[in-house]
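Student:
Here you go:
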């Protein structure tokens with residue numbers, strides 16, 4: 609079936625709306641998938657068709673998104689901040705493309721997922737810094753009842 613990626617993204621949005629997903633969820637998918645579509649258009653020099661998406665293209669996209677510098681404009685500062693995208697952000701791109709691919713299979717728009725052999729980006733384990741004694745005392749003094757104090761002491 610010859611369907612453009614753009615048409616498929618619109619279909620995926622309709623599916624998510626009909627399924628009762630929140631507006632923020634399907635807007636997030638839209639944002640990530642449209643970004644992927646624009647990247648593909650630059651790579652292929654034309655509007656991509658759904659069946660043109662390969663695992664190699666997705667790997668290249670995710671790798672490039674990880675290495676690109678992201679610019680954030682802060683209204684209070686003169687200089688924009690730049691930073692490398694986090695693995696958590698790239699994992700969000702991965703999740704969007706994966707959900708989209710799974711939907712396309714269910715809708716029989718593609719036969720197999722190009723995501724099949726692409727492992728999700730591993731996130732480093734986050735170990736929080738322990739609270740200082742002063743912070744613990746402040747928490748305990750803010751408790752209004754014994755239940756709150758017990759909960760703080762248990763953690």
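Residue numbers (this note's numbering): 609 to 763.
Note that the Cβ used here is the ideal one computed from N, Cα and C, for glycine as well.
The model shown is predicted, which means the values in this text are computed figures rather than measured ones.
Tell me the DSSP secondary structure of residue 612 in three-state form.
Tutor: strand
Student: What residues match up with residue 657 in a beta bridge as DSSP calls it?
Tutor: 612
Student: So for residue 740, helix, strand or coil by DSSP?
Tutor: coil
Student: For residue 721, report the span of its alpha helix (DSSP H) as first-last.
Tutor: Run containing residue 721: none; DSSP gives neither H nor E here.
Student: Out of 695, 702, 716 and 758, which one is the CA nearest neighbour of residue 734?
Tutor: Per the C-alpha coordinates, the member of 695, 702, 716 and 758 positioned closest to residue 734 is 695.
Student: Between residue 663 and residue 722, which are expected to be in contact by the criterion C-beta below 8 angstroms, what is the C-beta distance as a whole number of angstroms?
Tutor: About 5 angstroms; that satisfies the 8 angstroms criterion.
Student: Whose C-alpha, out of 732, 750, 611 and 716, is nearest the C-alpha of residue 768?
Tutor: Examination of residue 768 is not possible in this model, given that the chain is present from 609 through 763 alone.
Student: Work out the CA separation of residue 614 and residue 642 for me, nearest whole Å.
Tutor: Cα-Cα distance, rounded: 8 angstroms.
Student: If residue 645 and residue 656 are in contact, beta carbons under 8 angstroms, what's the gap, nearest whole angstrom?
Tutor: Here residue 645 really is in contact with residue 656; their C-beta atoms are around 7 angstroms apart, less than 8 angstroms.
Student: Straight-line CA distance for residue 709 to residue 633?
Tutor: 16 angstroms
Student: Does the Cβ of residue 705 have 16 or more other Cβ atoms within 10 Å, making it buried, or fewer, making it exposed?
Tutor: buried
Student: Answer yes or no: do residue 717 and residue 665 have a C-beta to C-beta separation smaller than 7 angstroms?
Tutor: no
Student: Checking 7 angstroms against the spacing of the C-beta atoms, do residue 693 and residue 674 come in under that value?
Tutor: yes
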